[in-house]
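Trainee: Take this structure, written in structure tokens, and hold onto it; I'll ask about it next.
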Amino acid sequence: MSKHPGMSVAYGTTREGAAVRAERRVRRRIVTLACVALFGACTDGVGPTPPPPAGLLVSNPVPAPATTWASGGAVRSATAPTSAEVVYVSLPPDSIPDGGIARITNIRTGATVQVAMANGGFDPVAVMAHAGDSLTIRVEVEGGGLRTLGLTVPLVRAPVVVRTQPPPRKRDVPLNSSVVVVFSEPMSPSTAARIQLLRDGAPVSGTATLSSNGLRVTIEPSANLDQNTDYVVSVPASVADLSGDSLQESVAAEFTTGTTTAVASVFTALPALFINPLRNEERTFDFDAFLDADGRVNGSWSLFYAASGVRASGHVTCFAIADGNAAWVGGVVDYDNSGMTPAIEQGWRLVDNGPPDSGVADQLSFVYALAEDDFGTAQNWCATRPMFGPSAYFPNGDSADLKLFNLSGGDLVVAGATPSPPPWLPPGVGMSQIAYTAPSGRIWVRRADGTGVRALTTDTGDSHPAWSPDGLKLAFHGERATPGNGDIYVMNYDGSALTQLTSGPPDDREPAWSPDGSRMAFDRDGTIQVMSAVDGSGIQQLTAGPDHHPSWSPDGTKIAFAHAHQIYVMNADGSGVNQLTTGPGLDDTPAWSPDGTRIAFQRTMIDDGNVFRDLTVMNADGTGVIQLGIVFYGQPAWSPDGKEIVYANVRDLSTVNADGTGMRWLGKGYAPAWSPVGTMPSRSATVR
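Set out below in structure tokens:
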């Protein structure tokens with residue numbers, strides 16, 4: 001599942017002469033005596049640096065890469081090096097288990113680079129330095145603490161293996177896995193082929209490729225590995241760096257396969273370093289998940305906030321890949337040191353733009369609390385692959401696009417393919433559905449129990465959906481031609497087959513289908529008009545205005561509407577106008593019940609300057625007015641069985657029984673429309 005092909009090494013001087021190497025080896029003893037245990041005296045007069053932990057690695061100086069001095073995309077520095085030499089600093093896994101971000105400073109030059117940590121360590125990162133320079137490593141840890149380490153750059157040091165992937169003693173490794181070996185400094189291409197994958201002591205056929213930065217070797221077996229079998233990654237001591245120095249010691253890392261193969265995967269080859277553009281705060285993110293041939297997802301994730309020291313981690317429950325390099329990942333919180341309740345579902349979006357040396361940074365979104373941000377469940381997040389959201393946390397405050405931000409360091413990998421999402425069923429096949437307007441615009445839909453949130457349109461000027469009588473189409477108001485000047489559009493229930501019915505200067509809004517589906521009433525510049533619901537032809541003006549919010553009676557003979565803040569009803573041809581309400585409030589947005597006996601509407605009361613809006617129900621003849629005591633704003637819509645009403649309180653959607661009891665919150669949105677067909681959720685069902 002590897003995405004990174006081998007590339008030629010692009011370093012300036014790849015090998016030194018034998019005389020130079022011999023001189024370095026002779027001087028190794030001198031440097032070791034002068035710079036006690038790699039820290040302390042050789043600090044250019046700055047004073048002793050703090051001691052390093054066991055395992056903290058720094059290479060001897062090597063020629064700077066010809067292209068960039070940052071290693072593998074793990075970091076990016078604001079200042080290009082002025083020296084022809086760099087050293088590589090690394091920390092093996094589990095060295096500082098609670099570490100989140102490491103900041104490495106050359107005390108002599110003041111240059112600092114930062115690298116995201118994963119599993120208590122970090123892969124080699126290049127730092128401009130000479131032999132004898134003192135380096136300080138400040139590690140930000142969970143809880144907001146800071147751990148300061150130090151070391152002195154040696155003149156000579158043998159390379160070592162920093163880590164292997166799979167890690168030693170790893171079990172249930174997928175059968176089609178590749179093997180990665182990470183070294184403490186760039187290695188010689190001529191010796192990389194000596195690294196082998198062994199089974200019962202015999203080499204496994206495959207290809208070993210050295211990365212372009214020389215820091216990692218990837219072994220791709222020629223065929224799938226055997227099930228439930230022990231393998232050994234063998235790295236002999238004869239493997240050498242660019243100057244010919246051999247490994248300090250050989251390495252043999254064992255792992256055991258399982259029984260599955262990975263058909264798709266998303267992971268951080270190098271943990272992501274990400275800056276929140278709203279607060280200019282750094283965070284790190286690493287994850288590793290794969291989908292096996294049986295459809296199971298296995299994986300984990302970890303998120304660290306540098307400013308607060310908050311660490312959240314958990315397991316991955318789903319992911320979906322689109323266009324080969326984009327993915328939506330969902331997971332569950334298992335641990336959080338800030339007190340977050342476990343089991344909260346999270347989701348994020350990412351784009352893999354190639355290996356770090358491609359010059360195009362990978363991209364990552366914020367991590368969303370899916371239920372709180374109204375995306376539904378993790379499974380819904382992965383199935384619907386949203387490009388924007390109804391109520392999430394967005395940088396510019398008014399756009400619901402799921403913004404992607406360039407990583408400042410790291411390498412995201414998207415490999416393989418996941419199944420296409422299942423087709424969205426029309427309301428008549430399963431549960432009834434509620435279409436609505438997202439807080440920032442666009443038409444969304446969800447099942448009547450609050451699950452299955454999906455976006456149907458992408459234009460922020462789309463609003464006020466209305467279902468066709470058969471539940472197969474939706475009409476809505478769109479401002480696609482001129483903002484603030486709307487037209488009526490129709491689309492299929494799944495967002496396909498968009499058709500524009502009206503056009504031109506008039507502002508057309510609030511469409512309402514006739515019960516037989518042949519005609520459509522709508523508000524044009526404050527007058528009620530009707531037209532063909534098929535092609536928008538035959539427009540006929542029924543009222544002089546100012547009139548709004550038409551609603552057909554179930555038998556198709558009458559239209560209720562709002563005029564001068566009172567509810568009226570007229571015949572479908574515009575004759576026989578009759579006023580139903582006369583105050584004391586301001587009445588608007590009538591909606592006829594499915595059986596034709598009642599009308600729900602909004603009543604606004606003004607008392608001593610205070611405004612109160614109430615969901616109100618009356619008989620179809622204007623008698624029996626009952627204010628339900630439900631704070632309400634906008635238009636109501638009845639359930640297909642006439643027992644519930646969906647409404648918006650500012651921009652929160654809820655359902656309530658027709659008598660005002662049993663309120664249930666659904667999510668963010670306004671101007672809802674309940675499909676006239678489909679089953680009803682259990683009255684005791686818990687939303688989401």
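Numbering (my numbering), first residue to last: 1 to 688. Ideal Cβ placement from N, Cα and C applies to all residues, glycine included.
Whole angstroms are fine: how far does the CA of D288 sit from the CA of G299?
Mentor: Locating residue 299 in the sequence shown gives position 299, where the first residue counts as 1. Locating residue 288 in the sequence shown gives position 288, where the first residue counts as 1. Straight-line Cα distance between these residues: approximately 5 Å.
Trainee: Buried or exposed for L370, please, with buried defined as at least 16 other CB atoms from any protein chain shown within 10 angstroms of its CB.
Mentor: Within the sequence shown, numbered from 1, the residue matching residue 370 stands at position 370. So L370 ends up on the buried side.
Trainee: Grouping DSSP H, G and I as helix and E and B as strand, with all else coil, what is A253?
Mentor: Stepping through the sequence shown from its first residue, residue 253 is reached at position 253. In the structure shown, A253 sits in a strand (DSSP, three-state: E or B).
Trainee: I think V569 touches A560, with their Cβ atoms under 8 Å apart; what is that distance to the nearest whole Å?
Mentor: As a working note, residue 569 is residue 569 in the sequence shown. As a working note, residue 560 is residue 560 in the sequence shown. Sure, about 5 Å apart at Cβ, within 8 Å.
Trainee: By the three-class DSSP mapping on this structure, what secondary structure does G206 have?
Mentor: Within the sequence shown, the letter at position 206 stands for residue 206. Note: G206 maps to strand in three-state DSSP.
Trainee: According to the neighbour-count rule (16 or more other Cβ atoms, all chains shown, within 10 Å of its Cβ), is S432 buried or exposed?
Mentor: Locating residue 432 in the sequence shown gives position 432, where the first residue counts as 1. By the neighbour-count rule (16 or more Cβ atoms within 10 Å), S432 is buried.
Trainee: Which value, in whole angstroms, describes the spacing of the CA atoms of V266 and R480?
Mentor: For the purposes of this step, residue 266 is taken as the residue at position 266 of the sequence shown. For the purposes of this step, residue 480 is taken as the residue at position 480 of the sequence shown. V266 and R480 have their C-alpha atoms spaced approximately 37 Å apart.
Trainee: Relative to the alpha-carbon of G339, which residue among G359, A327 and A312 has its alpha-carbon at the smallest distance?
Mentor: Here residue 339 refers to the residue found at position 339 of the sequence shown. For G339, the nearest C-alpha among the options comes from A312.
Trainee: Sort G678, A671 and W638 by Cα distance to D659 and report the nearest one.
Mentor: As a position in the sequence shown, residue 659 is number 659, starting the count at 1. In this structure, W638 is the residue among G678, A671 and W638 with its C-alpha nearest to the C-alpha of D659.
Trainee: Looking at N228 and F176, is the spacing between their C-beta atoms short of 8 Å?
Mentor: The residue labelled residue 176 in the question sits at position 176 within the sequence shown. The residue labelled residue 228 in the question sits at position 228 within the sequence shown. Reading the sequence as shown, one finds Asn at residue 176 and not Phe. Taking 8 Å as the Cβ cut-off, N176 and N228 do not qualify as a contacting pair.
Trainee: Report all residues from its chain with a CB closer than 8 Å to the CB of K668; omit the five preceding and five following residues, and keep chain order.
Mentor: For the purposes of this step, residue 668 is taken as residue 668 along the sequence shown, with counting starting at 1. Taken in chain order, the residues that qualify are D374, P390, S391, A438, P439, R651, D652 and L653.
Trainee: Please list the terminal residues of the continuous beta strand (DSSP E) segment that includes Q566.
Mentor: Mapped onto the sequence shown, residue 566 falls at position 566. Looking at the DSSP string, the run of the beta strand (DSSP E) that includes Q566 is Q566 to N571.
Trainee: L364: which of S675, D334 and V413 sits nearest, CA to CA?
Mentor: Reading the sequence shown from its first residue, position 364 is the one you call residue 364. Cα-wise, what sits closest to L364 is V413.
Trainee: Name the one or two DSSP bridge partners that H689 has.
Mentor: An answer regarding residue 689 cannot be provided, because it is not within the stretch 1 to 688 covered by the chain.
Trainee: So what's P189 in DSSP terms, helix, strand or just coil?
Mentor: Indexing the sequence shown from 1 puts residue 189 at position 189. P189: helix per DSSP, three-state reduction.
Trainee: Determine the burial state of A64: buried for a count of at least 16 other Cβ atoms within 10 Å of its Cβ, exposed for fewer.
Mentor: In the sequence shown, counting from the first residue as 1, residue 64 sits at position 64. A64 is buried by the Cβ-count criterion.
Trainee: I'd like to know whether the C-beta atoms of A572 and G556 end up nearer to each other than 8 Å.
Mentor: By one-based count along the sequence shown, residue 572 stands at place 572. By one-based count along the sequence shown, residue 556 stands at place 556. Closer than 8 Å, so yes.
Trainee: Determine the burial state of S420: buried for a count of at least 16 other Cβ atoms within 10 Å of its Cβ, exposed for fewer.
Mentor: Residue numbering aside, residue 420 sits at position 420 when the sequence shown is read from its first letter. Result: exposed.
Trainee: Assuming W444 is part of the beta strand (DSSP E), what are its boundary residues?
Mentor: Taking the first residue of the sequence shown as position 1, residue 444 is located at position 444. Here the beta strand (DSSP E) through W444 covers I443 to R447.
Trainee: According to DSSP, is W381 helix, strand or coil?
Mentor: Looking up residue 381 in the sequence shown gives position 381. Correct three-state label for W381: helix.
Trainee: Using alpha carbons as the reference points, say which of P386, D470 and A129 lies closest to T109.
Mentor: Counting from one through the sequence shown, the residue named residue 109 turns up at place 109. The candidate whose alpha carbon is nearest that of T109 is A129.
Trainee: Checking the sheet assignment: what are the DSSP bridge partners for R279?
Mentor: Within the sequence shown, residue 279 is the residue found at index 279, counting from 1. In the DSSP output, where bridge partners are listed per residue, R279 has none listed.
Trainee: Would you identify the three-state DSSP class for G144, choosing helix, strand or coil?
Mentor: To locate residue 144, count along the sequence shown from 1; it is residue 144. DSSP, reduced to helix, strand and coil, places G144 within a helical segment of the structure shown.
Trainee: Contact between the region 373 to 387 and the region 238 to 246: three or more CB pairs below 8 Å?
Mentor: Using a Cβ-Cβ distance cut-off of 8 Å, the region 373 to 387 and the region 238 to 246 are not in contact, since fewer than three pairs of beta carbons, one from each stretch, lie closer than that value.
Trainee: Count the other CB atoms within 10 Å of the CB of E281; is the residue buried (16 or more) or exposed (fewer)?
Mentor: Here the question's residue 281 lines up with position 281 in the sequence shown. Exposed, since its Cβ has fewer than 16 Cβ neighbours within 10 Å.
Trainee: Starting from the C-beta of G526, find all residues in its chain whose C-beta is less than 8 Å away, skip the five residues before and the five after it, and write them out in chain order.
Mentor: Reading the sequence shown from its first residue, position 526 is the one you call residue 526. Excluding residues within five positions, the ones whose Cβ falls inside 8 Å are G545, P546, D547 and H548.
Trainee: Under three-state DSSP, which class holds P469?
Mentor: Walking along the sequence shown from the start, residue 469 turns up at place 469. If DSSP states are grouped into helix, strand and coil, P469 belongs with coil.
Trainee: Rounded to whole angstroms, what's the CA-CA distance from N353 to D362? Just pull it up for me.
Mentor: Here residue 353 corresponds to residue number 353 of the sequence shown, with the count starting at 1. Here residue 362 corresponds to residue number 362 of the sequence shown, with the count starting at 1. When only Cα atoms are considered, N353 and D362 end up about 5 Å apart.
Trainee: Roughly how far, in whole angstroms, is the beta-carbon of D508 from the beta-carbon of D487, given that I think they are within contact range, below 8 Å?
Mentor: Counted from its first residue, the sequence shown places residue 508 at position 508. Counted from its first residue, the sequence shown places residue 487 at position 487. Approximately 5 Å separates the beta-carbon atoms of D508 and D487; this is inside 8 Å, confirming the contact.
Trainee: Using CA atoms only, rank isn't needed, just tell me which of V115, I96, I104 and P426 is closest to S408.
Mentor: The sequence position of residue 408 within the sequence shown is 408, counting from 1. Nearest of V115, I96, I104 and P426 to S408, Cα basis: V115.
Trainee: What residue range does the beta strand (DSSP E) around A673 cover?
Mentor: Within the sequence shown, the letter at position 673 stands for residue 673. For A673, the enclosing beta strand (DSSP E) covers residues Y670 to W674.
Trainee: According to DSSP, is P93 part of a helix, a strand, or is it coil?
Mentor: Working through the sequence shown from its first residue, we reach residue 93 at position 93. DSSP places P93 in coil when its eight states are reduced to three.
Trainee: Use the C-beta contact count for D123: other C-beta atoms within 10 angstroms, 16 or more gives buried, fewer gives exposed.
Mentor: The residue given as residue 123 occupies position 123 in the sequence shown. Counting Cβ neighbours within 10 Å, D123 comes out buried, since at least 16 surround it.
Trainee: Please state whether DSSP places P221 in a helix, a strand or coil.
Mentor: Your numbering for residue 221 matches position 221 in the sequence shown. P221 sits in a strand when the DSSP states are folded into three classes.
Trainee: Tell me which same chain residues have a C-beta within less than 7 Å of the C-beta of A620, skipping the five on either side of it?
Mentor: One-based indexing of the sequence shown puts residue 620 at position 620. The residues are G596, T597, R598 and I599.
Trainee: If contact is defined by three or more beta carbon pairs under 8 Å, each pair taking one atom from either stretch, is the region 179 to 187 in contact with the region 207 to 217?
Mentor: yes
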